[in-house]
């Protein structure tokens, strides 16, 4: 999905886009936090509100929409992605920042964050403070520099990310078939050198929204990786991995080192795991070429069998069924020898 940017855009301006649905109390909370920013940057900052509520609060709508530099849009079509896209298409500034109703911005010098950013940068992002549902205390901070590409999860909250508007013309709008991880899917269309991290707290994000459903979000992360063809290797005409040398060593690893390897083949067999007093070389069968080498090479694997006696421990009488299930779950996680234990949490 793409669109064409109409008219001239001042390259030092910002549109703050907020979507809401039947949540006017939180919208008013966000409005109070943005009012000073909007008033002090009359010609450079605008607020675009996309309201998909079924039950309209006309008094609140009138108060907000009558404020200078506020564009209030009523949008009946459902969906977070669609609402974001409506905000993008109706914005008039060069940079976009998406915050939800109920979220607040901490840093008031927003234009300084995006000033003098190189033309090649599509996203500038900082740190979000994540508060509990009671809005009383900070439970986490999110937003760190991306070290490997692609990131296996969303590395920042969209509440603390500035998107160059022209990037949506180049790479398309948010996909409406993604309900929660539309920002992650869009991120994967870019390249690492188009994204810039700044070590500044930008926004305050409160738990309890749609994206707090971590299991559903993780599933969409996985789909986005697959659909953007990450962790896939296109074989040559002979059905062989094009990066494998005659010495059975990946050319990428030879020239660029282990850090340049994709997640698919990163663990073959160059990473060593220390397990108790033993050193294990890990092997990933997710690479088809590795699987072929193992199957057709009789010396590829050697088996060493040992018997171990595990001391039993007395059963605690006061252990509830819930505690037993937690114990079994934790033990099963520990028994899986993988450098990415978080992958097993969502298996």
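Residue numbers (my numbering): -18 to 328. Ideal Cβ positions, reconstructed from N, Cα and C, are used throughout, including at glycine. Computed from a predicted model, the values in this text were never measured in an experiment.
Exercise. If you drop the 5 nearest sequence neighbours on each side, which residues of the same chain put their C-beta closer than 6 Å to that of residue 46?
Worked result: 53
Exercise. Buried or exposed: residue 266, going by 16 or more other Cβ atoms within 10 Å of its Cβ?
Worked result: Residue placement at residue 266 is flagged as unreliable, the pLDDT there being 49, under the threshold of 50; the coordinate-derived value follows with that caveat. The residue in question, residue 266, is exposed, as its Cβ has fewer than 16 Cβ neighbours within 10 Å.
Exercise. Which residues in the same chain as residue 15 place their Cβ atom closer than 7 Å to its Cβ, once the five residues preceding and following it in sequence are excluded?
Worked result: -3, 28, 86
Problem set entry | Within 9 Å, strictly: CB atoms of residue 182 and residue 129 | no
Problem set entry | Whole-Å CB distance - residue 169 paired with residue 209, under 8 Å assumed | 4 Å
Exercise. Is residue 155 buried or exposed, if buried means 16 or more other CB atoms sit within 10 Å of its CB?
Worked result: buried
Exercise. Which residue or residues does DSSP assign as beta-bridge partners of residue 81?
Worked result: 0
Exercise. Is the Cβ-Cβ distance between residue 92 and residue -6 less than 9 Å?
Worked result: yes
Problem set entry | residue 105 in three-state terms, based on DSSP | strand
Exercise. Should residue 81 and residue 111 be called a contact, given that it needs their Cβ atoms to be closer than 9 Å?
Worked result: no
Exercise. So, is residue 306 buried or exposed, given that buried needs 16 or more other C-beta atoms within 10 angstroms?
Worked result: exposed
Exercise. I think residue 164 touches residue 135, with their Cβ atoms under 8 Å apart; what is that distance to the nearest whole Å?
Worked result: 7 Å
Exercise. Nearest-angstrom Cα distance between residue 35 and residue 1?
Worked result: 11 Å
Exercise. For residue 96, which of 144, 149, 196 has the nearest alpha-carbon?
Worked result: 144
For this session: Compare the Cα-Cα distances from residue 116 to each of 32, 157, 188 and report the closest residue.
Result: 188
Exercise. Just the Cα atoms here: how many angstroms apart are residue 48 and residue 184?
Worked result: 22 Å
Problem set entry | Which residues DSSP lists as bridging residue 26, in chain order | -5
For this session: Look at residue 106 and residue 18 and say whether their C-beta atoms are less than 9 Å apart.
Result: no
Exercise. Straight-line CA distance for residue 142 to residue 50?
Worked result: 21 Å
Exercise. Over what stretch of residues does the beta strand (DSSP E) that includes residue 183 continue unbroken?
Worked result: 176 to 187
For this session: Would you identify the three-state DSSP class for residue 161, choosing helix, strand or coil?
Result: coil
Problem set entry | DSSP state of residue 57 mapped onto helix, strand, coil | coil
Exercise. Going by C-alpha distance, which of 186, 162, 178 is nearest residue 203?
Worked result: 162
Problem set entry | Opening and closing residue of the alpha helix (DSSP H) in which residue 200 lies | 195 to 208
For this session: Could you check the C-alpha separation between residue 108 and residue 84 for me, to the nearest Å?
Result: 14 Å
For this session: In angstroms with no decimal places, state the Cα-to-Cα distance between residue 225 and residue 231.
Result: 4 Å
Exercise. In the DSSP assignment, what residue or residues form a beta bridge with residue 91?
Worked result: Paired residues: none, contrary to the question.
For this session: Answer with buried or exposed for residue 124, where buried requires no fewer than 16 other C-beta atoms within 10 angstroms of its C-beta.
Result: buried
Exercise. So, residue 148 versus residue 173, is the Cβ gap smaller than 9 Å?
Worked result: no
For this session: Grab me the residues of residue 32's own chain with a C-beta within less than 6 Å of its C-beta, minus the 5 sequence neighbours each way, in chain order.
Result: 1, 55
Problem set entry | Burial state of residue 196, where buried means 16 or more other Cβ atoms lie within 10 Å | exposed
Exercise. Do residue 78 and residue 69 have their CB atoms nearer than 9 Å?
Worked result: no
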